[in-house]
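All residue numbers for the sequence shown refer to this note's numbering, where the first residue is 819 and numbers rise by one. We put the beta carbon where it would ideally sit given N, CA and C, even for glycine.
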Amino acid sequence: MTQAQINAALMGLLISGGMLIPGNIPNIISAGKLGITSGQWAKLGVPLGLVLNSLYFIAIFFLGFSPRLGIL
819 MTQAQINAAL MGLLISGGML IPGNIPNIIS AGKLGITSGQ WAKLGVPLGL
869 VLNSLYFIAI FFLGFSPRLG IL
């Protein structure tokens, strides 16, 4: 894999991790404190995550933006 492909995959994982409550620990804590159910979270998180993933895909592959993630 090229560095650009690795960067794109990591960016996708970072964004898609917030789409559902079990995606990461802060989501679990936030949902518990706010009393949000998994279904309520998914109603907002999945569409928002898909839009953000699409925007990042366009920015990385079509506009040539390649973020540096500290990997050589």
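Check: How is the alpha helix (DSSP H) around residue 868 delimited, first residue to last?
Finding: Taking the sequence shown and counting its residues from 1, the one referred to as residue 868 is at position 50. 856-875 is the span of the alpha helix (DSSP H), which, as asked, contains residue 868.
Check: Using the C-alpha atoms, what's the distance from residue 832 back to residue 842?
Finding: On the sequence shown, residue 842 is found 24 positions in, with the first residue counted as 1. On the sequence shown, residue 832 is found 14 positions in, with the first residue counted as 1. In a straight line, the C-alpha of residue 842 is about 10 angstroms away from that of residue 832.
Item checked: Cβ-based burial, residue 839 [other Cβ within 10 Å; buried from 16] -> As a working note, residue 839 is residue 21 in the sequence shown. Buried, since its Cβ has 16 or more Cβ neighbours within 10 Å.
Notebook entry, point to check: Given residue 883, which residues of its chain have a CB within under 7 angstroms of its CB, disregarding the five upstream and five downstream residues?
Noted result: As a working mapping, residue 883 is identified with position 65 in the sequence shown. For residue 883, where only same-chain residues beyond five positions count, the Cβ hits under 7 angstroms are 877.
Margin query: So, with DSSP's three-state summary, where would you put residue 881?
Written below: Looking up residue 881 in the sequence shown gives position 63. The answer is coil: DSSP assigns residue 881 none of H, G, I, E or B.
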